[in-house]
Amino acid sequence: MKIIAVYSSKGGVGKTAGAVNLAYTASRTGRQVLLCDMDSQGAASYYYRIKPKKKFNRSRLLKGDFYEFIRGTDYDGLDLLPAHFSFRNLDIALKEAQHEKSRKVLAELLEPLKDEYDYIILDCPPNLTILSENIIIAADSVVTPVVPTTLSLLALEQLLKLFKKLDCPKEKILAFFSMVERRKSMHLGVMSKYGKYPLFMKSYVPYMAEIEKMGLHRKPVGLAGSKSVAGRAYDLLWQEIRERMAD
Amino acid sequence: MPITGPDMKLPQEITFLLEGPPQAGELLDSLASRFMVEETGKISGQKYYYDTFDWRLFRKSFVLTVTGNRLELSDFNGVSIGVSAGLPRKNYFCWDIQESELREPLEAIIDMRALIQIFSLNFAERTFRVLNKDRKTVARIVLRDEKARGEGAQLDLPRRLSLQEIRGYGSVFDKIRKMCLKTGLKSIDDEQDLLKLAFSVSERKLLDYGAKFRVDLDETITIGEAVSKICLDLAGAMQINHVGVCADIDSEFLHDFRIAIRRTRSLLTLLKKVLPPEKTSYFQSEFKWLGSVTGPVRDIDVYLLKRKEYLGMLPESLHSGLSLFFDELEKMRIREIKLLRRHLASPRYRTLLESWRLYLSEPGSEIFSTIRKKKCKPLADKLIGKRFAGFLRDGDKINESSADNELHKLRIRGKKLRYLLEFFRSFYDEAEMERFLKQMKRLQDNLGDFNDLSVQQEMLALRLAELSGRTQRTMQLGASLGGLISVLAGKHRSVRQAFQKSYSNFSKTGNRDLLDTVISASSRRVS
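Heads up: the protein sequence lines correspond to chains V and F, in order.
Each residue of the first sequence is one higher than the last, beginning at 1112 in our numbering.
Each residue of the second sequence is one higher than the last, beginning at 352 in our numbering.
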């Protein structure tokens, strides 16, 4: 089982779209995939039309009593652990956990699922808290979308700092350019300057109405098959993630 | 914070028998009054079912199918074990299938046997999804129509409706299941019966052939009747494998054919004293002939089947030479199989089998007269006792300095004893006899390996001696054969060393007594 966190401390960079579409693409290759919606806003759950069961909440998650709340999506091989409103305070709850272990709680919670899934994909909330630290420690790879702008690069810098603090190998970071608009010279400039760093993958995801409209259709873009340009972009991205993880 | 493993049950699936289209329509109508039901698609196609000639997959509750370009191994309940790309063809070998999650488990079951197409299934499926108010799929329903087609026969399988649970939506599944039961639908607990029904369109009968020898003999059976029953069974094995040998489907048809010959010859030798001398000697010489004409192809097959193993023994630099050796063998095999086919179509072969069957089954046959009217069981007891004592006598004499030849002799004695036990196993306690045979097999395996390694080295050395000239090809071949002989010689030594331990394990008092106990217990039962 490999855990892939789609993470950035910055909001609106295409994390959820990335997690939702990568999870769908991964499941199309016959693998068993679990998408965990860690963001209390529950956008990933919304895209897959899944609501949490009434009895589900943060405290059951932290007690490791959450497996029965995993639900099947409309697609074979793809399950989802929905978000719950109470996840907004996950940070506080994690801090209350025993100090020396507080960073490994998530890793321990996911460990028992190793025989059930080939991939667990985490859709993470945009923050820099102890939850982020948990996510980084639990993940085999941290896939981070970077909009080719200065602010977004700043978020990447913060992530690198956090990796250093946690003494995590920075090779775990797989960055990709997201919401790319090739007509903007700044985007092209940033991509040509930073894209050559090994941290960045070659594949990128363009800014597309098709992705924006996912909220309307509530379906992954890849469902449209080869007709979908965005779907193809996520396919390529997934292929590269798999190759980089295999190295 | 102790975390226990998740109790992640597989989503449930339940299948109901449908009596006709109205019943399915009725159910879908009543579902539509409570849920949104949407038809998501129709698929139809043809599925081909494969198994080996000796039903290796079916015996282990597996099926291999090809649908479109998808090859799939699954269990009787439809749970997929592995998938690979593959088109429908007449036969499949493991090595025809690309490296995949399917190949390894499949290879472990079928080994070198060919997968043969048994029958095909024309299927049509309609899938519906049940939606909640967010238009999220909360259950799936599949309607199935299937028609099995075999050699000239076809059969409509009962129409079915499968209800599939979506993880996390168990309550919806339960509601629909109850509705189905209320509509009067009957669930199928086990799809195995349907599968067996589908298999019935094939001209083959399920489990109609297996390589394991088994003939049930009544304790009161006479010698003549027992010999007739055993030999007719073996003649049947020759006949059933004959087609596969001539069509050259896989190597094991010939292997099983030859085992039947060997068993027949063995029985004739073992019971020589009580069988009509003239006829016995005629059949002995004819079966010897049959053994000798079927030998060359089998000898080549043994090496061809070892291709992967041999390549693994040598460094890659010697692989090309070894490939030349295998190419030679393949060419030789083409010639030899032609010759073999000719022998098996010859009047001599036909006469042998016909006269043999007649001899074994005609009521007035010599086989049922004079001494052969006596009961067989006491003779079997005596023979087994004598053969076992002889085997141990020879085995006990072997020590580390004994000649290789002594081990070969012991192997042949052991083989005859094992055949004898297998012929007459139904006279004795099944479980105890099985236990003894298992112990015996372990020792025989060691002796068999020892013999195989001797024969292989000799054959390779012979080929090496035949090489002449200083061409590139000769050099490559020579280097590979030399390398192989030296690896085999090393193995030969270690198998020889293992013999002493293997034999002392076998000849433990426990085993010596076991056979005595089995025989004497059965004698008490008869008296």
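Here a beta-carbon is modelled for each residue, glycine too, at the ideal position from N, C-alpha and C.
In this text, all values refer to a predicted model and were calculated from it rather than measured experimentally.
- In terms of Cα proximity to M1149 (chain V), the closest of V:M1112, V:K1338, V:P1236, V:R1214 is V:P1236.
- Around the C-beta of Y1308 (chain V), fewer than 16 other C-beta atoms lie within 10 Å, and the residue is accordingly described as exposed.
- Taking 8 Å as the cut-off, the beta carbon of C531 (chain F) is found closer than this to the beta carbon of L378 (chain F).
- Residue range 466 to 482 is occupied by the beta strand (DSSP E) that includes N473 (chain F).
- Contact of D1190 (chain V) with chain F by beta-carbon distance below 7 Å involves R518.
- At least one beta carbon of chain V lies nearer than 8 Å to the beta carbon of R486 (chain F).
- I1181 (chain V) reaches chain F at P357, M359, R518, G519, counting residues in chain order whose Cβ is nearer than 9 Å.
- Distance from the CA atom of R477 (chain F) to the CA atom of K526 (chain F), rounded to whole angstroms, is 21 Å.
- Against chain V, the CB of P439 (chain F) has no partner CB under 8 Å away; the residue lies outside that interface.
- Interface flag for R1160 (chain V) against chain F is set, since a Cβ pair is found closer than 8 Å.
- G1141: these are the residues of the stretch 1127 to 1152 of chain V whose beta carbon lies less than 8 Å from some beta carbon of chain F, given in chain order.
- Around the Cβ of L1277 (chain V), a 10 Å sphere holds fewer than 16 other Cβ atoms; the residue is exposed.
- Contact between T416 (chain F) and R464 (chain F) is absent: CB atoms are separated by about 17 Å, not below the 8 Å threshold.
- At least one CB atom of chain F sits nearer than 8 Å to the CB of D1185 (chain V).
- Within the stretch 430 to 459 of chain F, complete beta strand (DSSP E) segments of at least 3 residues are found at 431 to 436, given in chain order.
- Assignment of beta-bridge partners to R491 (chain F) by DSSP yields F:R480, F:Q515.
- G646 (chain F) carries a helical assignment under DSSP once its states are collapsed to helix, strand and coil.
- Rounded to whole angstroms, D864 (chain F) and T721 (chain F) show a C-alpha spacing of 34 Å.
- Where P1236 (chain V) is concerned, there is no enclosing beta strand (DSSP E), because DSSP gives it neither an H nor an E.
- Around the beta-carbon of T615 (chain F), 16 or more other beta-carbon atoms lie within 10 Å, marking it buried.
- Excluding five sequence positions before and after K1313 (chain V), the CB atoms of its chain that fall closer than 7 Å to its own CB belong to E1351, given in chain order.
- As a beta-bridge residue in DSSP terms, Y401 (chain F) pairs with F:L415, F:Q468.
- The beta-carbon of Y1230 (chain V) is placed no less than 8 Å from the nearest beta-carbon of chain F.
- At a cut-off of 8 Å between beta-carbon atoms, Y1178 (chain V) makes contact with chain F.
- Below the 7 Å Cβ cutoff, chain V contributes no neighbours of P509 (chain F), its closest Cβ being approximately 26 Å away.
- Put simply, the stretch 625 to 643 of chain F does not touch the stretch 664 to 682 of chain F. Fewer than three CB pairs are less than 8 Å apart.
- Here DSSP, grouped into helix, strand and coil, assigns Q505 (chain F) to strand.
- DSSP lists V:P1256 as the beta-bridge partner residues of F1287 (chain V).
- The DSSP-derived three-state label of A1250 (chain V) is coil.
- Using a Cβ-Cβ cut-off of 8 Å, P729 (chain F) does not count as an interface residue toward chain V, since no Cβ of chain V sits closer than that to its own.
- Every alpha helix (DSSP H) of 4 residues or more that sits fully in the stretch 520 to 548 of chain F is shown, in chain order, as 521 to 533.
- Between P362 (chain F) and chain V, the shortest Cβ-Cβ separation is below 8 Å.
- The three-state secondary structure of I591 (chain F), taken from DSSP, is helix.
- The beta carbon of E452 (chain F) sits closer than 6 Å to those of G433, all from its chain and outside the five residues before and after it, given in chain order.
- DSSP lists F:L482 as the bridge partner or partners of M387 (chain F).
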